[in-house]
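Novice: If you read the sequence shown in this note's numbering, its first letter stands for residue 395, the second for the next number, and so on. Let me begin by handing over the structure; questions about it come next.
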Amino acid sequence: MAKEISLRPYPGCILLCRSLSELKREHRRITKQVYDFAEVSGKGGVMARIDGSDGSLIYLVWGCGFRNVVHELCHVLLETFKDIGHNPTEGDGEPFCYMLSALMDEI
Numbered sequence: 395m396a397k398e399i400s401l402r403p404y405p406g407c408i409l410l411c412r413s414l415s416e417l418k419r420e421h422r423r424i425t426k427q428v429y430d431f432a433e434v435s436g437k438g439g440v441m442a443r444i445d446g447s448d449g450s451l452i453y454l455v456w457g458c459g460f461r462n463v464v465h466e467l468c469h470v471l472l473e474t475f476k477d478i479g480h481n482p483t484e485g486d487g488e489p490f491c492y493m494l495s496a497l498m499d500e501i
């Protein structure tokens, strides 16, 4: 089962998946739709955003290896900062970097 990681203090959560198959299963479980994004080769990762009709926000993340997971988490944070209207480079990038560190601690 995917590991749930909070984005607090920001809105939403991450479901960190152990495999691409798990990501597809979680996507189907949540949306009731088949994951229809481009296939990912053995190298890489996926970040899928699901905006719930109830206002919830879930990011499904999978990476083939540690660096790919970090890469996908950066995409999550860039979207999160865009959503809240914050430039991730402001404050010398510290809010972005601290949040990335917090996510890595959770993993």
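Cβ atoms here follow ideal geometry from the backbone N, Cα and C, with glycine treated the same way. Being a predicted model, the structure only gives us computed values, none of them experimental.
1) Along the chain, where does the alpha helix (DSSP H) containing Ala496 start, and where does it finish?
2) So which of Glu466, Val440, Ser450 and His465 has the shortest CA-CA distance to Thr425?
3) Can you tell me whether Met441 is buried or exposed? The criterion is at least 16 other CB atoms within 10 Å of its CB, across all chains shown.
4) With a CB to CB cut of under 7 Å and the five nearest residues on each side skipped, what residues in its chain are close to Leu410?
5) Less than 8 Å separating the beta-carbons of Thr474 and Tyr429?
6) Name the DSSP bridge partner or partners of Tyr373?
7) I'd like the span of the alpha helix (DSSP H) that includes Asp477, first residue to last.
8) Grab the span of the alpha helix (DSSP H) containing Arg412 for me, first residue to last.
Specialist: This is what the structure holds:
1) It spans Glu488 to Glu500 - the alpha helix (DSSP H) in which Ala496 sits, taken as one unbroken run.
2) Residue Ser450 is the option with its Cα nearest to Thr425.
3) Answer is buried; the Cβ neighbour count reaches 16.
4) Ala396, Lys397, Ile399, Val455 and Ile501, listed in sequence order.
5) No.
6) Any answer about residue 373 is impossible in this case: the structure gives the chain only from 395 up to 501.
7) Looking at the DSSP string, the run of the alpha helix (DSSP H) that includes Asp477 is Phe460 to Asp477.
8) No alpha helix (DSSP H) contains Arg412, which DSSP labels as neither H nor E.
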